[in-house]
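Here is the structure we will look at.
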Amino acid sequence: SQELLERAAAAVVFSLDEQTLASTFGRRGFRVGLLATGMLGEVVYLAAGEVGLRACGVGAFADNELSALLELPEGTSPVYLVALGKE
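Numbering (the UniProt record's numbering), first residue to last: 1 to 87.
This is how it looks when you write it as structure tokens:
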């Protein structure tokens, strides 16, 4: 996935705020967040296809390094990303 991301024109990163999810949805909050992430990922795939782009989902990455790169606040975790580009 490293090579794919290096070649991608852009990437959409989905992150979850665990404290907000827990306070809103209780102990299943993180699971609700993952389900919502999956649905939004599908929307990105469909939108990319409509404008002639390719999309590739990536669920395995170095969490801490990506969090630092994006300067995510404490308690917010990247959970999924979609790489975008031409073929």
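Every residue, glycine too, gets a C-beta built ideally from N, C-alpha and C.
Q.
Residues in the same chain with beta-carbon distance under 8 Å from residue 16, minus the five sequence neighbours each way, listed in chain order, please.
A. 30, 33, 34, 37, 76, 77, 79
Q. Could you give the distance in angstroms between the alpha-carbon of residue 52 and the alpha-carbon of residue 67?
A. 29 Å
Q: Let me know if residue 14 comes out buried or exposed under the rule of 16 or more other beta-carbons within 10 Å of its beta-carbon.
A: buried
(Q) Just to confirm the assignment, what range does the beta strand (DSSP E) spanning residue 14 have? (A) Here the beta strand (DSSP E) through residue 14 covers 10-17.
Q: Compare the beta carbon distance of residue 84 and residue 60 with 8 Å and say whether it is the shorter of the two.
A: no
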